[in-house]
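Heads up, the thing below is written out as structure tokens.
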Amino acid sequence: MESSSSPKHTIKVAAISGSLRKASFHNGLIRSAIEITNQSIDQMSIEHIDISSLPMLNTDLETDDKFPPEVESFRQKILQADCFLFASPEFNYTVTASLKNAIDWGSRIPNVWADKAAAVISAGGSFGGGLSQYSLRQCGVYLDLHFINKPEFFLNAFEYPPKFDDDGNLIDEEAKERLKAVLLALKAFTLRLQGGS
Ligand SMILES: Cc1cc2nc3c(=O)[nH]c(=O)nc-3n(C[C@H](O)[C@H](O)[C@H](O)COP(=O)(O)O)c2cc1C
1 MESSSSPKHT IKVAAISGSL RKASFHNGLI RSAIEITNQS IDQMSIEHID
51 ISSLPMLNTD LETDDKFPPE VESFRQKILQ ADCFLFASPE FNYTVTASLK
101 NAIDWGSRIP NVWADKAAAV ISAGGSFGGG LSQYSLRQCG VYLDLHFINK
151 PEFFLNAFEY PPKFDDDGNL IDEEAKERLK AVLLALKAFT LRLQGGS
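For the sequence shown, the residue numbers in the UniProt record's numbering are 1 to 197.
What follows is the structure, given as structure tokens:
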């Protein structure tokens, strides 16, 4: 277990993957983050929030000031989280449609993302999905999300040796260490934002 000062409560991290693929590397990154947290980070827990059932955003679906049930449930989970871990694949130099859709539903009034800490991680081609991270950070300005700047986590998923197995599980030990450093930074920044509580 790490030796940093302990928070008074368990920090709840909502983890969101921008991939709908079964053997997704990004779902694998979140599974690995959960395992690392359970094994070696005190007073923090990560829940993977599934966004696959969210309808495509259409404000006509908001009736009598209510959201569709899947959207309401998603928004409640976001509201209850202390901070966010985005695993954000890069599609055509930006975030995936599914992740942007989830972000947009959360941004409907009242914006449920506001004033919380976040981290973004990605795996992909040569830049390891990095351009999606900068797109997401740009959205974060309007959403009033506070992303940690360092450490950054990009992973070239296609270079030898393999970083993931056939099921999308992260198998690279060095990447796991870097992922742990991101999680510790997210925890520390969340505590700072919450005034050390
Ligand atoms: C439509 C599409 C566009 C993509 N565009 C990019 C890209 O711009 N840059 C990149 O590095 N990889 C790109 N990729 C590759 C994906 O980022 C890569 O397959 C990644 O593993 C997808 O995440 P996942 O494994 O979690 O599903 C693209 C893949 C698809 C299907």
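Ideal Cβ placement from N, Cα and C applies to all residues, glycine included.
Around the Cβ of Val141, are there at least 16 other Cβ atoms within 10 angstroms (buried) or fewer (exposed)?
Against the sequence shown, residue 141 aligns to sequence position 141. Result: exposed.
Near ligand 2: Phe86 beta-carbon under 7 Å from a heavy atom
You won't find ligand 2 in this model; what it holds is ligand 1.
Taking 7 Å as the cut-off, is the C-beta of Phe153 nearer than that to any heavy atom in ligand 1?
For this step, residue 153 is matched to residue 153 along the sequence shown. No - ligand 1 has no heavy atom lying nearer than 7 Å to the Cβ of Phe153.
With hydrogens ignored, establish whether the beta-carbon of Arg31 is closer than 7 Å to any heavy atom of ligand 1.
Here residue 31 refers to the residue found at position 31 of the sequence shown. Incorrect: Arg31 has no Cβ contact closer than 7 Å to ligand 1.
Helix, strand or coil for His9 per DSSP?
Here residue 9 is taken as the residue at index 9 of the sequence shown, counted from 1. His9: coil per DSSP, three-state reduction.
To the nearest angstrom, how far is it from the Cα of Lys66 to the Cα of Glu90?
Walking along the sequence shown from the start, residue 66 turns up at place 66. Walking along the sequence shown from the start, residue 90 turns up at place 90. One C-alpha to the other measures close to 32 Å.
Nearest to Leu193 (by Cα), restricted to the options Thr59, Gly168, Asn101 and Ala114:
In the sequence shown, counting from the first residue as 1, residue 193 sits at position 193. Closest by alpha carbon: Ala114.
Distance check for Leu20 and Lys8, CA to CA, integer angstroms please.
As a working mapping, residue 8 is identified with position 8 in the sequence shown. As a working mapping, residue 20 is identified with position 20 in the sequence shown. Approximately 35 Å between the Cα atoms of the pair.
Check the C-beta distance from Lys187 over to Met44 and give it rounded, since I have them as a contact under 8 Å.
Looking up residue 187 in the sequence shown gives position 187. Looking up residue 44 in the sequence shown gives position 44. Contact flag correct, Cβ pair sits at about 5 Å.
What's the C-alpha gap between Asp48 and Ile16?
As a position in the sequence shown, residue 48 is number 48, starting the count at 1. As a position in the sequence shown, residue 16 is number 16, starting the count at 1. As written in the sequence, residue 48 is His, which differs from the Asp given in the question. Rounded to whole angstroms, His48 to Ile16 spans 6 Å at the Cα level.
Within the UniProt domain "NADPH-dependent FMN reductase-like" (11-157), ranges of the alpha helix (DSSP H) (whole runs, at least 4 residues)
25-40, 69-80, 97-107 and 130-143
From the DSSP secondary-structure annotation, give me the bridge partner or partners of Leu170.
As a working note, residue 170 is residue 170 in the sequence shown. Its beta-bridge partners are Phe164.
Cβ atoms of Gly129 and Ser88: under 8 Å apart, would you say?
On the sequence shown, position 88 is the one that residue 88 refers to. On the sequence shown, position 129 is the one that residue 129 refers to. Gly129 is positioned such that its CB atom lies closer than 8 Å to that of Ser88.
For Gly177, name the three-state secondary structure that DSSP assigns.
As a first step, residue 177 must be located in the sequence shown, where it is residue number 177. Looking at the sequence shown, residue 177 is not Gly but Glu. Note: Glu177 maps to helix in three-state DSSP.
Please say whether Gly28 and Leu170 have beta carbons closer to each other than 8 Å?
If you number the sequence shown from 1, residue 170 lands on position 170. If you number the sequence shown from 1, residue 28 lands on position 28. Yes, the Cβ-Cβ distance between Leu170 and Gly28 is below 8 Å.
Less than 8 Å between the beta carbons of Lys150 and Ala157, yes or no?
Locating residue 150 in the sequence shown gives position 150, counting from the first residue. Locating residue 157 in the sequence shown gives position 157, counting from the first residue. No, the Cβ-Cβ distance between Lys150 and Ala157 is not below 8 Å.
Any C-beta of chain C sitting closer than 8 Å to the C-beta of Cys139?
Going by chain labels, chain C is absent from the structure shown, which holds only one protein chain.
Cβ of His48 versus every heavy atom of ligand 1: is any distance shorter than 7 Å?
Position 48 of the sequence shown, counted from the start, is the residue given in the question as residue 48. His48 Cβ: outside cutoff for every heavy atom of ligand 1.
Buried or exposed (CB count within 10 angstroms, at least 16 for buried), Leu136:
What you label residue 136 is simply residue 136 of the sequence shown in a count that begins at 1. Per the 10 Å Cβ criterion, buried.
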